[in-house]
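Undergrad: This is the structure I want to talk about, given as C-alpha cells.
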Amino acid sequence: MTETKSRSEQLYERALKVMPGGASRNTILRKPHPLYVVRGEGSRVLDVEGVERIDFANNMASLIHGHAHPAIVEAVTAQMGRGTAFTLGTEAEIEYAEHMIGRADSFEKIRFVNSGTEAVMHCLKAARAFTGRPKIAKAEGAYHGLYDFAEISQTAKPATWGAAEHPESVPVAYGTPQGVLDDVIIIPFNDPERAVALLDEHAEEIACVLVDPVPHRVGLIPIAPDFVRTLREWTERNGALLVFDEVITFRVGYGGAQEGHGVRPDLTAMGKMIGGGFPVGALAGRREVMDVMDPLAEKVLFPHSGTFSANPITMTAGHTAMKLYDREAVEKLNALADRARTQIEDAIRVAGIDACVTGAGSMLRVHFKPEPPTEYRTAFIGPDETKLLTAFLDHLFANGIILINTGTVMLSTVMTEQDIDTLSEAMLGGFRTARELLA
Ligand SMILES: Cc1ncc(COP(=O)(O)O)c(C=O)c1O
C-alpha cells in the first residue's frame, strides 16, 4: 500500500503518542491536525508541506519584528557563544532594565521573569504582600495567563456566569480550590457603576484590581477612559493597588497602552514581545511596591527568584527588539493597522455580512456581530458565530494567511502595505465564504 499521509499527519501521529492532545500548547492545534514549521523569515512561515503563509499571529503577539530578525539573530548568536545562563549577574540585565524603566512614567523598578503568566502571578503576590490583603478583582473573561487566581472566569459561559450585576467566580480548571474562587471578585469590563458596587462589597479585603487595557478575550475593546479613571480612584481611595496586564498591549504605545490614559498603574505585567522572540515576563512599577521583593530589606515580604529569570539570551534579544521598537516604529506600525482596519471594514460592507472590527494600535479582531461588543458577554462567541468564524479562518488559512483563532491579527514591523492588501483581499473571500453559510 502506498503511503498517502502528509508529513504533518505523520508528525501528529507521533506527537499524539507522547503528549496529551499531541502538543505542549493547545494554540498550535488545528483540525484535523496541526501543521509543522520548517522555517520562519520576516512575515513569512514555511510549513513541512512546502506551503508559505503570511503570519498575522506572530506567535500569539510575541514577535513584534516577525521571524528571525537579522539584528536579533546576530545579537543572540554572539551572546550564545559567551554562555546562555549563569549563577552570576550580567550587564545585559542591567542595560535592559534601564531601557525599560525609561519607557513608561509608572516604571520605577523592574524585575524580569520567564512568562506572562509568571509576570501576572508576581504582580498579584506583590500586591497581596504590600497590602496584607487576600482578594483580587479582575474583569470577566479576561485572559491573564494560568495562575489560579488570574484565570478565574476567563472561560465563563452563559450557563455559569450568573447575573450581570453579580458575576460568578467560575473556575477554569477542575479542582480549583473554593478558597481561590472566594478570593477573586469578578467585575464587568467597562462598566464603572457595576464594578464599583461589586468592589465596595469587599473594599477592606481587596489587594488589587487587575485589568488589561485592551483585553483580547473580552473582545479586544479598548478600556474606556471613565472605567480606567474609576478604577484608579477606587483603588486609591480604598488602599488597593491598580495592576495593568500589558503582556500583549505594551505594543500599543512606546510606553504601553497606559501611555494614552494619563493614569499610572501601581504595577504593570509584561511579556511576549519584550522577549524579542524568547520566553519572557516582567513586572514594573512603583518603587515601594516593587521593593516587597527586595532581598536586602530587614523583612522580605515577597521572596522571589527564578532559575532562568533575566538570562542573557532573553535580555539580549528583548533589548535589541525594544530598541528597534522606538516611537517612530510604533507610530508606523499603528498606522499600518489603521489601514488594515479601514480595508477590512470595506470588505465587510462589500461582502454584505454582519461583522465588525475592534482593536487598538497594531492589534485588530474580527467579530461576526453587527456591532462591536462592549464587554465579555457581548463578545462571547456562540455556536452560530463559531461556524462562521471557523469557515472564515479556514478560508484564510487555505489562502496563505495565518490568524489567531479568535479572528485576531497581530501585526509586525516587517509587514508592508502589500501584506495588508493581501490580508484584506483574503478576508473579503473569507467573509463571502461565511456569508454563504447564512444563505
Ligand atoms: C494578556 C495576557 N496576559 C498574560 C498572558 C500569559 O502569558 P504567557 O503565555 O507568556 O504565560 C497572556 C498570554 O496570551 C496574555 O495574553
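Sequential numbering of the sequence shown, starting at -19, is according to the numbering used here. The C-beta atom is built at its ideal place from N, Cα and C for all residues, glycine as well.
Using a Cβ-Cβ cut-off of 8 Å (strictly less than) and excluding sequence neighbours within five positions of Arg267, which residues of its own chain qualify?
TA: Closer than 8 Å at Cβ, skipping near neighbours: Glu88, Lys89.
Undergrad: Starting from the C-beta of Phe129, find all residues in its chain whose C-beta is less than 7 Å away, skip the five residues before and the five after it, and write them out in chain order.
TA: Hits under 7 Å: Leu104, Ile116, Val160, Asp163, Val164.
Undergrad: Does Asp334 come out as helix, strand or coil in the three-state DSSP assignment?
TA: In the structure shown, Asp334 sits in coil (DSSP, three-state: anything other than H, G, I, E or B).
Undergrad: Does the Cβ of Tyr356 lie closer than 7 Å to at least one heavy atom of ligand 1?
TA: The answer is no for Tyr356.
Undergrad: Between Glu73 and the rest of its own chain, which residues show a CB-CB distance below 6 Å, the 5 nearest in sequence each way excluded?
TA: Correct list, in chain order: Ala290, Met295.
Undergrad: Is any heavy atom of ligand 1 found at a distance shorter than 7 Å from the C-beta of Val100?
TA: Result yes, Cβ under 7 Å from ligand 1.
Undergrad: So, do the region 344 to 359 and the region -4 to 16 have three or more beta carbon pairs nearer to each other than 8 Å?
TA: Cβ pair count under 8 Å is below three, so no.
Undergrad: Count the CB pairs spanning the region 292 to 309 and the region 251 to 268 that are closer than 8 Å, and state whether there are at least three.
TA: Because the criterion of three Cβ pairs below 8 Å is met, the region 292 to 309 and the region 251 to 268 touch.
Undergrad: In the DSSP assignment, what residue or residues form a beta bridge with Val17?
TA: Its beta-bridge partners are Asp27.
Undergrad: Quick check: the Cα distance between Val93 and Gly46, rounded to an integer number of angstroms?
TA: Approximately 22 Å, taken between the alpha carbons.
Undergrad: I need the boundaries of the beta strand (DSSP E) containing Leu222, first residue and last residue.
TA: Taken as a continuous stretch (DSSP letters only), the beta strand (DSSP E) holding Leu222 covers 221 to 225.
Undergrad: Using the C-alpha atoms, what's the distance from Leu417 back to Leu263?
TA: Cα to Cα, the separation comes out at about 45 Å.
Undergrad: How long is the line joining the alpha carbons of Pro157 and Glu75, rounded to whole angstroms?
TA: Cα-Cα distance, rounded: 41 Å.
Undergrad: So does His13 have its beta carbon nearer than 7 Å to some heavy atom of ligand 1?
TA: No, since every heavy atom of ligand 1 falls outside the 7 Å radius drawn around the Cβ of His13.
Undergrad: For Ile81, count neighbouring C-beta atoms within 10 Å of its own C-beta (all shown protein chains included) and say buried if the count is 16 or more, exposed if not.
TA: Flag for Ile81 reads exposed.
Undergrad: State the DSSP-derived secondary structure class of Arg231, mapped to helix, strand or coil.
TA: Residue state, collapsed to three classes: helix.
Undergrad: Tell me whether Lys118, by its Cβ, gets closer than 7 Å to a heavy atom of ligand 1.
TA: Every heavy atom of ligand 1 is 7 Å or more from the Cβ of Lys118, so no.
Undergrad: Whole angstroms are fine: how far does the CA of Met407 sit from the CA of Ala331?
TA: Cα to Cα, Ala331 sits roughly 10 Å from Met407.
Undergrad: Name the residue from Thr7, Leu15, Thr(-16) whose alpha carbon lies nearest to the alpha carbon of Tyr(-8).
TA: Nearest of Thr7, Leu15, Thr(-16) to Tyr(-8), Cα basis: Leu15.
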